[in-house]
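Okay, so the sequence shown: first residue is 744 according to this note's numbering, each after it adds one.
The beta carbon of each residue, even a glycine, is placed where N, CA and C say it ideally should be.
These notes are about the structure you will find just below.
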Amino acid sequence: MKSDLQISQETDLKPIVEIADKVNLGYEDLELYGNYKAKINFSTIEELKAKPDGKLILVTSINPTPAGEGKSTVTVGLGDALNQINKQAAIALREPSLGPVMGIKGGAAGGGYAQVLPMEDINLHFTGDMHAITSANNALSAFLDNHIHQGNELKIDARRVIWKRVVDLNDRELRQVIVGLGGPIQGVPREDGFDITVASEIMAILCLATDLDDLKARLARIVIGYTFDREPVTAGDLKVEGALALLLKDALKPNLVQTIYGTPAFIHGGPFANIAHGCNSILATKTALKLADYVVTEAGFGADLGAEKFLDIKVPNLKKAPDAIVIVATIRALKMHGGRQKSELLEEDLSALKAGFVNLKRHIENMRSYNIPVIVAINEFVTDTKAEFALLEELCENQGVLAKRVSVWEQGALGGVDLAKAVVELIAEQAADYQPLYQSTATISEKAETIVKKIYGGQGVQFSKKAQKQIEEFEKNGWSGLPICMAKTQYSFSDDPTLLGAPTDFTITIREFVPKLGAGFLVALTGDVMTMPGLPKKPAALNMDVTNQGEVIGLF
């Protein structure tokens, strides 16, 4: 079987101007990055605002396992399949981060015959958005430390600086560092740390901003630390939001690329869903909605993380809820949720599949609670048996949910036609009536409790002493109206990654809150989840290389 990279390199790419023409964009609407990548001009985005939105399809999944779910692959394949049945469709995805690309995953642009291209560029430097975000984030750090060094007019308490530097790599050595050593002329020594770029608030801001003015306003609201009197200090207090926006002015424009089948794909922004809000940019999704009749987008990790954040954080900003939700599941992963080990998944096991179905069942119930139609996509693997397919379809039917098999990794667009037809029919027959999980008027603790009880299935929340004190401070500062962005393991409904299936007898421990006023939410750090991942013992990068002719090797 050919690798994803081989399939990608054997595909004849169309000039990006031809892809743009499919959604009625011309050369004047684009800012070209070579022959196969482009950004959409702000003037074009402004002109599109008067057009009605197309239908929005959100792809999410069960809790991920090492067996894999293929959510991005299904997202790409569904977009291709919709065009295959003569529906005008586009895709809106996140950009990959170099950290996981060179760490565990080795690539993040779909797979098999359901890929976005050019996958080498998308997985590496693409159009430079990640670098711009990294530069803007670290520029704010530099301005902050310089202000303290140059007299500290704002009376910033160096012990209470919460703004961190970032790098778009997995580098555990940088999680906690000391900066400013070397004497008075080198700066003021203080504790600092690095997050991965996709965890930066500036990444979240880029993904939620609607234009450059909104970007600047959000950047100004970033809380960077506190004064000696414990009053919050913002980037706006440093008067640097204009400079930061200048660094991000091109990165804010959505990127346009293509799939193997020539489906327009808007790939922009890349926050993780376990440590951030896990959705691509408002501008990319909204632009796609104005240009296509159907837009397929995804949210990171399982529906308990990415989809919940899409629905409770992104939707109020996008001002458009999904018309249907597709939950991706695999028989392999469900058997792991049912107690089998990865080494045992080649064997047929109906009892493990039935036991593991509780994970999918809870996700179905959760997504339905938003009053949005739901359908299940069974991502096929060659080891799946007829009996297992029949059982899973029956279990879904017993929940009143249609399940359709997809084989887009192997068959491309044709492997997603049944799902595409079913989704179109579902949208036509059942109108979505979006209902948020909680109201903005609820308290911070009430919102956290609601997420844990209604989405995770837990008994409640335990707040550390630090978190309790922060809640009091945040309410005093007037921040209680913001939504909650849970930073939690992706592997379980709980904050314990080893609790698979659908556990119930657990509580979630919130150890700390991080205010993200520019993004417009409060991050709740749970368990031992970290905002700077580490590399595995044998990183995927060990298999990567480049020939003397510039040909990429080993990128998934």
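By DSSP's criteria, residue 1229 is part of a beta bridge. Which residues make up the other side? By 1-based counting over the sequence shown, the position of residue 1229 is 486. Partner(s): 1267.
Element boundaries [alpha helix (DSSP H), containing residue 1059]: As a working note, residue 1059 is residue 316 in the sequence shown. First-last of the alpha helix (DSSP H) with residue 1059: 1058-1061.
Buried versus exposed call for residue 1106 [16 or more other C-beta atoms within 10 Å across all chains shown]: Position 363 of the sequence shown holds residue 1106. Burial call: buried.
Segment contact flag, the region 1259-1266 with the region 1225-1237, C-beta cutoff 8 Å, min 3 pairs: yes
Here's the rule I'm using: 16 or more other beta-carbon atoms within 10 Å means buried, otherwise exposed. How should residue 1234 be labelled? Indexing the sequence shown from 1 puts residue 1234 at position 491. Residue 1234 comes out buried.
State the DSSP-derived secondary structure class of residue 770, mapped to helix, strand or coil. The residue labelled residue 770 in the question sits at position 27 within the sequence shown. Residue state, collapsed to three classes: helix.
Under 8 Å by Cβ, that's how I've got residue 817 and residue 1120 pegged, so tell me the actual separation to the nearest angstrom. For the purposes of this step, residue 817 is identified with residue 74 of the sequence shown, where counting begins at 1. For the purposes of this step, residue 1120 is identified with residue 377 of the sequence shown, where counting begins at 1. Yes, residue 817 and residue 1120 are in contact; Cβ-Cβ is about 5 Å, under 8 Å.
Separation of residue 1146 from residue 1303, as counted between CA atoms: Because residue 1303 is not part of the residues shown, which for the chain are 744 to 1299, the question remains open.
How long is the line joining the alpha carbons of residue 865 and residue 926, rounded to whole angstroms? One-based indexing of the sequence shown puts residue 865 at position 122. One-based indexing of the sequence shown puts residue 926 at position 183. The alpha-carbon atoms of residue 865 and residue 926 are separated by roughly 43 Å.
Assuming residue 880 is part of the alpha helix (DSSP H), what are its boundary residues? Counted from its first residue, the sequence shown places residue 880 at position 137. Its alpha helix (DSSP H) spans residues 872-892.
Rounded Cβ spacing between residue 1116 and residue 766 (contact assumed at less than 8 Å): Within the sequence shown, the letter at position 373 stands for residue 1116. Within the sequence shown, the letter at position 23 stands for residue 766. Residue 1116 to residue 766, Cβ: 25 Å. No contact.
Between the region 1136-1154 and the region 842-857, do three or more beta carbon pairs fall short of 8 Å? yes
Anticipated Cβ contact below 8 Å, residue 1081 with residue 1096, distance rounded: As a position in the sequence shown, residue 1081 is number 338, starting the count at 1. As a position in the sequence shown, residue 1096 is number 353, starting the count at 1. With a Cβ gap of about 6 Å, residue 1081 and residue 1096 count as contacting.
Just curious, the beta strand (DSSP E) that residue 1018 is in, first and last residue? Your numbering for residue 1018 matches position 275 in the sequence shown. Residue 1018 -> no beta strand (DSSP E), and no H or E assigned at all.
Straight-line Cα distance separating residue 869 from residue 763: Position 20 of the sequence shown holds residue 763. Position 126 of the sequence shown holds residue 869. In a straight line, the C-alpha of residue 763 is about 18 Å away from that of residue 869.
Quick check: residue 909 and residue 889, are their CB atoms within less than 9 Å of each other? Residue 909 sits at position 166 when you count from the first residue of the sequence shown. Residue 889 sits at position 146 when you count from the first residue of the sequence shown. No, Cβ-Cβ distance for residue 909 and residue 889 is not below 9 Å.
Count the CB pairs spanning the region 952-965 and the region 1253-1264 that are closer than 8 Å, and state whether there are at least three. yes
Check whether the Cβ atoms of residue 1231 and residue 1272 lie closer than 9 Å to each other. Against the sequence shown, residue 1231 aligns to sequence position 488. Against the sequence shown, residue 1272 aligns to sequence position 529. Yes, these two residues count as a Cβ contact at 9 Å.
Quick one: is residue 944 buried, meaning 16 or more other Cβ sit within 10 Å of its Cβ, or exposed? Along the sequence shown, read from residue 1 onward, the residue named residue 944 stands at position 201. Result: buried.
Determine which residues share a DSSP beta bridge with residue 998 and list them. On the sequence shown, residue 998 is found 255 positions in, with the first residue counted as 1. Bridge partners of residue 998: 782.
Mind checking who residue 976 pairs with in its DSSP beta bridge? Within the sequence shown, numbered from 1, the residue matching residue 976 stands at position 233. BP columns for residue 976 point to 968.
For residue 1020 and residue 1055, the rounded distance between their alpha carbons: To locate residue 1055, count along the sequence shown from 1; it is residue 312. To locate residue 1020, count along the sequence shown from 1; it is residue 277. If I take the Cα positions, the gap works out to 10 Å.
Across the region 1062-1080 and the region 1186-1199, are there enough close Cβ pairs to call them in contact, namely three or more that are closer than 8 Å? no
Considering just the uninterrupted stretch of the beta strand (DSSP E) at residue 1141, what are its terminal residues? For the purposes of this step, residue 1141 is identified with residue 398 of the sequence shown, where counting begins at 1. First-last for residue 1141: 1129-1141, but that is the alpha helix (DSSP H), not the beta strand (DSSP E).
Reference residue 812, options 949, 836, 1075 and 844, closest by Cα: On the sequence shown, position 69 is the one that residue 812 refers to. Ranking 949, 836, 1075 and 844 by Cα distance to residue 812 puts 1075 first.
Please state the DSSP three-state secondary structure of residue 1053. The count along the sequence shown starts at 1 and reaches residue 1053 at position 310. Correct three-state label for residue 1053: helix.
Do residue 788 and residue 773 have their C-beta atoms within less than 9 Å of each other? In the sequence shown, counting from the first residue as 1, residue 788 sits at position 45. In the sequence shown, counting from the first residue as 1, residue 773 sits at position 30. Against a cut-off of 9 Å, the Cβ pair of residue 773 and residue 788 comes out as no contact.
Take residue 946 and list the residues in its own chain whose beta-carbon comes closer than 6 Å to its own, dropping the five residues that flank it on each side. What you label residue 946 is simply residue 203 of the sequence shown in a count that begins at 1. So the list reads 876 and 1014, once near-sequence residues are dropped.
For the putative contact between residue 986 and residue 882, defined by C-beta atoms under 8 Å, what is the C-beta separation to the nearest angstrom? The count along the sequence shown starts at 1 and reaches residue 986 at position 243. The count along the sequence shown starts at 1 and reaches residue 882 at position 139. Their Cβ separation, rounded to whole angstroms, is 7 Å, which keeps residue 986 and residue 882 in contact under 8 Å.
Closest to residue 982 by C-alpha separation, out of 808, 960, 1001 and 996, would be which residue? Along the sequence shown, one-based indexing puts residue 982 at 239. Considering only alpha carbons, the answer is 960.
Using the Cα positions of residue 1199 and residue 1248, report the straight-line distance between them to the nearest angstrom. As a first step, residue 1199 must be located in the sequence shown, where it is residue number 456. As a first step, residue 1248 must be located in the sequence shown, where it is residue number 505. Straight-line Cα distance between these residues: approximately 11 Å.
Using three-state DSSP, classify residue 1037 as helix, strand or coil. Sequence index remark: in the sequence shown, residue 1037 carries index 294 (1-based). Strand at residue 1037.
For residue 1144, count the other beta carbons within 10 Å of its own beta carbon; 16 or more makes it buried, fewer makes it exposed. Which is it? Taking the first residue of the sequence shown as position 1, residue 1144 is located at position 401. Looking at its Cβ environment, which holds 16 or more other Cβ atoms inside 10 Å, residue 1144 is buried.
Would you please state the rounded distance, in angstroms, between the beta carbons of residue 1009 and residue 834? I believe it to be under 8 Å. Counting from 1 along the sequence shown, the entry for residue 1009 is found at position 266. Counting from 1 along the sequence shown, the entry for residue 834 is found at position 91. Confirmed, Cβ separation roughly 7 Å.
Simplified DSSP state of residue 910, which is helix, strand or coil: Looking up residue 910 in the sequence shown gives position 167. DSSP places residue 910 in strand when its eight states are reduced to three.
Quick check: the Cα distance between residue 989 and residue 1244, rounded to an integer number of angstroms? By 1-based counting over the sequence shown, the position of residue 989 is 246. By 1-based counting over the sequence shown, the position of residue 1244 is 501. In a straight line, the C-alpha of residue 989 is about 46 Å away from that of residue 1244.
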